[in-house]
Amino acid sequence: MRGRATSLQRLSLRDLEYIIAVAEERHFGRAAEKCHVSQPALSAQVRKLEDLLGQVLFERTPRGVLVTAEGERIIPHARQLVLAARRFLDLAGRSDRLHGDLRMDAIATLGPYLFPHILRPLRDRFPDVHFILRESRTERILAALAGGEADVGLVSLPIREEGLASQPLFEEPFVAIHPAGRELGAGAALDMDRLDRSDLLLLEEGHCLRDQALALCHAGEVRVALHATSLETLCHMVAAGAGYSLLPALAVDPGETFGGLIAYTAFDDPRARRTIGLAFRATDPRRDHFAALAEAIRDSLPEGVRRIAPGEPAARARVSPEAPSPPRARSRHRGRDRARTS
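Numbering-wise, the numbering used here comes out as the position in the sequence shown, counting from 1, plus 515.
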């Protein structure tokens, strides 16, 4: 035969399977049965492949089929190609579960306090995933998601950026932190409408928690003279007697009072909360698997937050009467290093 193939355009993996079957069976009829095609169809494709390669792979004799010297040289490579193709499909089949690097960003007022609760369960649930954790502000996280620099983000909902989707995870109540001995309202629980806005302490601009505190306290036009760069600094400012503030429940350590200088008070107000969700690109081919990731996070939540069931609209969820209570005590010294901003 003359000529030799110079393009992959006419080369078919199915044709390679045909010549492998003929070489193994030494019979065109049995090879056709093995490949679930008719014998004429298989014979025609083998002929086309031989023409494409410019080589005779089989010697047809009345007593059977013999593999030629060229066939003995070429067919082992065909086996390797078919095996590689099957491995390729197996690799693609792993898309039924998350694997590889997963860049997970979280807002700085959440990550240091949530990650310790969810990391062990997530690593157990997704052993093939390498979690890359980062903390940032909401605006930067959403930009990183949209730009492909992050895969998922733990942020406060709602988000309205085009091209991004989200799944609500839980509602986290706010807790008032104030100087010990100073009552912010009558009784053991607070109403947002009774707070004195003039002493409200906030994080610096750029933090979603700052905007939430301003909105909840209706303090949009109140001039706030003091700002903190982190939740830890905010607590120190309260301990110094500078005013009061709001903390997310997961960031509260009831046992840390800075030597009796601060106290915590729960709100008896369903508005005093934020909704945390998992954000991701709406076009990400892994978006269906992110539902499993979201459920794993929901299953790992600590006390003090309200789990939002899959499919439950975030607006319908309500904080239970006991939910605003600060979570169980934990070491603030461990959180101090993590409650940084970037």
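Even glycine gets a Cβ: it sits at the ideal position worked out from N, Cα and C.
Backbone CA spacing between residue i and residue j [nearest angstrom]
i: L531; j: A661; result: 43 Å
i: R541; j: H551; result: 16 Å
i: D814; j: L613; result: 18 Å
i: L654; j: A794; result: In the sequence under discussion, the amino acid at residue 654 is Glu, which differs from the Leu named in the question. C-alpha separation (whole angstroms): 12 Å.
i: Q682; j: H693; result: 33 Å
i: A807; j: A658; result: 24 Å
i: R618; j: E574; result: 57 Å
i: F479; j: V537; result: With the chain represented from 516 up to 857, any question about residue 479 goes unanswered, as that position is not in the structure.
i: F630; j: G770; result: 20 Å
i: Q883; j: P800; result: The question about residue 883 has no answer here: the residues shown for the chain are numbered 516 through 857.
i: V582; j: E539; result: 10 Å
i: T798; j: L746; result: 34 Å
i: R833; j: F603; result: Because R833 carries a pLDDT of 40, less than 50, the predicted location of this residue cannot be relied on, and the following value inherits that uncertainty. When rounded, the distance between both Cα atoms is 48 Å.
i: D803; j: D639; result: 19 Å
i: R822; j: A787; result: 16 Å
i: D784; j: E687; result: 13 Å
i: E650; j: F689; result: 20 Å
i: F773; j: L625; result: 22 Å
i: I791; j: L523; result: 51 Å
i: P673; j: L679; result: 11 Å
i: S671; j: I656; result: 11 Å
i: A873; j: F641; result: In the structure as shown, the chain starts at 516 and stops at 857, and residue 873 therefore has no counterpart that could be examined.
i: C750; j: L710; result: 18 Å
i: T744; j: G826; result: 36 Å
i: A755; j: L718; result: 16 Å
i: R675; j: R697; result: 39 Å
i: R796; j: A824; result: 21 Å
i: R588; j: G663; result: 46 Å
i: D768; j: P828; result: 30 Å
Close beta carbons around residue i, own chain, < 8 Å, minus the five adjacent residues each side
i: L528; result: L596, V597 and A600
i: H645; result: G615, D616 and L617
i: L637; result: V644, F646, L808, A811, I812 and S815
i: R831; result: For R831, the predicted structure reports a pLDDT of 46, less than 50, and the residue's modelled location is therefore unreliable. The matter cannot be settled from this model.
i: G883; result: Nothing can be reported for residue 883: it is not among the residues displayed for the chain, which extend from 516 to 857.
i: E585; result: Q570, V571 and L572
i: L699; result: A691, H693, L705, R709, L710, D711, Y759 and T780
Where the beta strand (DSSP E) containing residue i begins and where it ends
i: T790; result: R788 to R796
i: A778; result: I777 to A781
i: D616; result: G615 to I622
i: G579; result: G579 to V582
i: P763; result: S760 to P763
i: E574; result: F573 to T576
Alpha helix (DSSP H) segment containing residue i, residue limits
i: I674; result: Careful: I674 lies outside any alpha helix (DSSP H) and carries neither H nor E.
Cutoff 8 Å: residue i Cβ touching any chain C Cβ
i: A623; result: Here chain C cannot be found, since the structure has a single protein chain.
Where residue i falls: helix, strand or coil (DSSP)
i: R697; result: coil
i: A754; result: helix
i: A809; result: helix
i: P627; result: helix
i: A599; result: helix
i: L710; result: coil
i: A766; result: helix
i: L490; result: Within the shown structure, residues of the chain are numbered from 516 to 857, placing residue 490 beyond reach of any answer.
i: A743; result: strand
i: L717; result: strand
i: R802; result: helix
i: R612; result: coil
i: L604; result: helix
Residues near residue i in its chain [Cβ-Cβ closer than 7 Å; skip 5 each side]
i: I534; result: V561, L564, L572, I590 and A593
i: V753; result: I692, H693, P694, L716, Y759, S760 and I777
i: P836; result: Low local confidence applies: a pLDDT of 33 at P836 is under 50, so the model's placement there is unreliable, and no value is given.
i: L557; result: Y533, F543, A546, A547 and C550
i: A559; result: none
Spatial neighbours of residue i in its chain, beta-carbon cut-off 6 Å, leaving aside the 5 residues before and after
i: I633; result: I812 and S815
i: A734; result: For A734, the predicted model reports a pLDDT of 49, less than 50, meaning its position is unreliable and no value from the coordinates is stated.
i: Q554; result: F543, G544 and A547
i: V820; result: F685 and E687
i: A880; result: Given that the chain is displayed from residue 516 to residue 857, the structure contains no residue 880 and the question cannot be resolved.
i: G668; result: D620, I656, L660 and A794
i: L648; result: M619
Contact test: residue i Cβ vs the ligand NAD heavy atom, cutoff 7 Å
i: D784; result: The model depicted lacks the ligand NAD and carries no ligand whatsoever.
Q: Within the stretch 519-570, note down every full alpha helix (DSSP H) run reaching 4 residues or more, in order along the chain.
A: Fully enclosed alpha helix (DSSP H) runs of 4 or longer: 528-540, 543-550 and 554-568.
Q.
Restricting to runs no shorter than 4 residues, where is the alpha helix (DSSP H) found entirely within the stretch 632-692?
A. For the stretch 632-692, whole alpha helix (DSSP H) runs of length 4 or above, ordered along the chain, are 653-661.
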